[in-house]
Structures are given as C-alpha cells and as structure tokens.
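J.: Using the working numbering, the first residue of the sequence shown is number 4, and each one after it goes up by one.
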Amino acid sequence: MIRSMTGFASVDVEHPMVVLSVTLRSVNHRHLDLHVRLPNPLLALESLLRSQVQQQLARGRVELNVSAQFVQRANLEVEVNEALVERLSEALNRVRASGLSIADLTAGDLLHLPHAIDVRETAGDSEVAAQPDVIEVVTGAVAQALDELVTMRSTEGEYLLADLDSRCALVSELIAKLETSAAHAQGVLEARLGERLKQLVGESELDQGVVAQEIVKFVARSDIDEEIVRLKGHIVHWRTIVDDSLACGRRLDFLLQEMNREINTIGSKAEGLEVSKLIVSAKADLERLREQVQNVE
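And the structure:
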C-alpha cells in the first residue's frame, strides 16, 4: 500500500459544553515524529490522543493542534465577607455620628472593595474537560481529522504509485537490456581472447591448457548472471511490497539500496560501451526512484 507522508486536515466541532478546532499536518520524516499541542484543560488527554494517531500513522512528522473554548461554565459560588461588611458599616456610622454626611454602602461599592465579595468557580475548565462527554467529543474530532488526513495521504499515494510503477518498469527494461548486452559483450570478449590465445600459443612455448584455464577464470569474473537474477528478484519483491497493506516506504528504500549495489557490481564486472551506457541510465533511474520513495509512508 502506497501512502504519501504529506497531508493536512481540519475539523471544527460545536458541542453544548465545548467548541473544538482540530488540525493535523504531516510532512516527510524517517520515523513517526508526533508533536501534540493542547490547551491546559485537555493536557490529561495527550497520551490518549497520541495513541490514536500512532494507530493510524506509521511515518512522518505530524503536528496535532487542538484548541478548545468551553461553553458550559462551571457553577459559580458567591461568598460575602460579612465580618468585613459589618466593620465597614460600624465605621460609617461613627463617621455620621461625628456630624459628617456620608452615603450608605451599595452593592456596587462592595463589588469594588477587595475581599468584600468573592466569586469563584466550584469547578474549573479542567474538571469540565474531564467529563466523559467532553472526552468523547475530543477523541471523536481527532478521529475525524485522522480519517481526513489518511484519505488525503492515500490519494497522493495513488499518484506516487503511478509514478513509481512507471519508473520501476523502466528499470526492469534496462535490466533486460543489460542482460542481453552483457551476454553479447561477453561473447565478443571470449572470441577476442580465443584469437589472442591462438596467437600466443603459436608464438611461444606456453601450455595451451594453462592459458585457456586462466582465460576461463577471467571471463567468469566478468559474468553478471547472478546479479541479473538478483535484480529480477528485487523487481518481483518490489511488486509484493507495494501491494502489501502495511506501510512500505522504508522497505522500498532498503530494496533500492540493494538494487543499486547490484548495478554497481555489474558496472565493475561487465565490458562494453553499450553496457556502460545502460549502467549509467539504470543508476539514474534508481536514484529518481529513491528520491520519490522518500515521500512514501
């Protein structure tokens, strides 16, 4: 299965208790590098949300951002400092007794007076956020964003797969051409060495059997049949990997390294201008494949 590592998703949810905004962004990365940003009341959910993401995504640098506005506020509790208010009233009465005119205390005066009236929440946003309904809303919004992100990554993966398939087909064609050209070049080499052997034996007292044995060893060292067989096997393995349901980016990258190693070996063994040209083309196509595979999850 081919999925891209780049994608974006955004989900907004309104609930009687909370209004949520969830965004997910992902870009290329060798592993799953997850960054989670939550408002303070939702920090206790980080582990749960990380687990959600890890179940869906295998690779990529992923940013999960959640913002929340709590609509249903906690119950308020009002406490009047009666002792302070009583002392203030007594003080005002003493002022009036001295002959000065002064207005009575009003509720507005008390609200502006420090510590006269305290208003506090019996439960804060963190307690509201811990309620099962809110947790369900948050995890549901993240799940929806993940579904959208995976869909986007899968859609981009289809384009990646088409490009990778076409490039892999080119490499497969080059391998077939390499096999033919190398076999022809080896035949030419054997014929040329055979003619040279006849000349050397005719001009000297060298043992023909010994010289022929050395030529066979030399020709064997230039044989690339094993490398060609392994390259064909890698192409078959490539098809198996891309059809797998699991994330395959790292496996494809490793397989391309093995294919490049075989091509380098062929380049060091095979003879002929045509073979050299094919080696250069194959290495270029493998490099393009590897660059594209860096985008695969």
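Using N, Cα and C, we set each Cβ at its ideal position, and we do this for glycine too.
What's the C-alpha gap between V174 and R156?
T.: Looking at the two C-alpha atoms, the distance is approximately 26 Å.
J.: Would you call the region 79-94 and the region 47-57 in contact, with 3 or more CB pairs under 8 Å?
T.: The region 79-94, when compared against the region 47-57, does not touch it at the 8 Å Cβ threshold.
J.: Please name the residue in V296, A250, N68 and E294 whose C-alpha comes closest to that of V153.
T.: Answer by Cα proximity: A250.
J.: Along the chain, where does the beta strand (DSSP E) containing E93 start, and where does it finish?
T.: Where E93 is concerned, there is no enclosing beta strand (DSSP E), although the alpha helix (DSSP H) it sits in stretches over E85 to A100.
J.: Do V299 and L163 count as a contact pair if the criterion is CB distance below 8 Å?
T.: Cβ atoms of L163 and V299: closer than 8 Å.
J.: Quick check on DSSP: helix, strand or coil for V14?
T.: DSSP places V14 in strand when its eight states are reduced to three.
J.: Assess, as a yes-or-no matter, whether the region 62-76 is touched by the region 99-109 under the definition of 3 or more beta carbon pairs within less than 8 Å.
T.: Segments in contact, no.
J.: Check T9 in the structure and name its three-state DSSP category.
T.: Three-state DSSP puts T9 in coil, outside helix and strand.
J.: Identify every residue that forms a DSSP beta bridge with V141.
T.: In DSSP, V141 forms no bridge with anything.
J.: Do the region 225-244 and the region 260-274 meet, that is, are 3 or more Cβ pairs less than 8 Å apart?
T.: The region 225-244 vs the region 260-274: in contact.
J.: Residue range of the beta strand (DSSP E) that V39 falls in?
T.: Its beta strand (DSSP E) spans residues L35 to R40.
J.: What's the gap between the Cα of N43 and the Cα of H118?
T.: Each residue's Cα considered, the two are about 28 Å apart.
J.: Given the structure, does L234 come close to the ligand MN, in the sense that its CB is under 7 Å from one of the ligand's heavy atoms?
T.: Ligands in the displayed structure: none, and consequently the ligand MN is not present.
J.: Could you give the distance in angstroms between the alpha-carbon of T9 and the alpha-carbon of H115?
T.: Each residue's alpha carbon lies about 55 Å from the other.
J.: Looking at the structure shown, is E274 part of a helix, part of a strand, or coil, going by DSSP?
T.: Coil.
J.: Three Cβ pairs or more, each shorter than 8 Å: is that satisfied between the region 8-25 and the region 137-144?
T.: A contact exists between the region 8-25 and the region 137-144.
J.: Taking all protein chains shown into account, do 16 or more other C-beta atoms lie within 10 angstroms of the C-beta of A165, making it buried, or fewer, making it exposed?
T.: With fewer than 16 Cβ atoms within 10 Å of its Cβ, A165 is classed as exposed.
J.: Could you give the distance in angstroms between the alpha-carbon of L87 and the alpha-carbon of D112?
T.: Rounded to the nearest angstrom, the two C-alpha atoms are 13 Å apart.
J.: By a C-beta neighbour count over all protein chains shown, 10 Å radius and 16 as the cutoff for buried, is A185 buried or exposed?
T.: By the neighbour-count rule (16 or more Cβ atoms within 10 Å), A185 is buried.
J.: In whole angstroms, give me the CA-to-CA distance for V141 and E89.
T.: Rounded to whole angstroms, V141 to E89 spans 48 Å at the Cα level.
J.: Got a sec, what are the start and stop residues for the beta strand (DSSP E) L27 sits in?
T.: Segment V21 to V30, the beta strand (DSSP E) holding L27.
J.: Going along the chain, which residues of its own chain have a beta-carbon closer than 8 Å to the beta-carbon of R99, five neighbours each way excluded?
T.: Counting only Cβ-Cβ distances below 8 Å, and skipping sequence neighbours, we find I105.
J.: Relative to the alpha-carbon of E277, which residue among V296, E261 and L177 has its alpha-carbon at the smallest distance?
T.: Of V296, E261 and L177, the residue nearest in Cα terms is L177.
J.: Residues bridged to E82 by DSSP?
T.: According to DSSP, which records beta bridges pairwise, E82 is partnered with D121.
J.: In terms of residue numbering, what span does the beta strand (DSSP E) encompassing R64 cover?
T.: That run of the beta strand (DSSP E) goes G63 to F73.
J.: Given this structure, state the Cα-to-Cα distance separating G179 from K235, to the nearest angstrom.
T.: Here the sequence assigns Ala to residue 179, which means Gly is not the residue at that position. Cα to Cα, the separation comes out at about 9 Å.
J.: What does a CB cutoff of less than 6 Å around E151 pick up in its chain, not counting 5 residues either side in sequence?
T.: Taken in chain order, the residues that qualify are A12.
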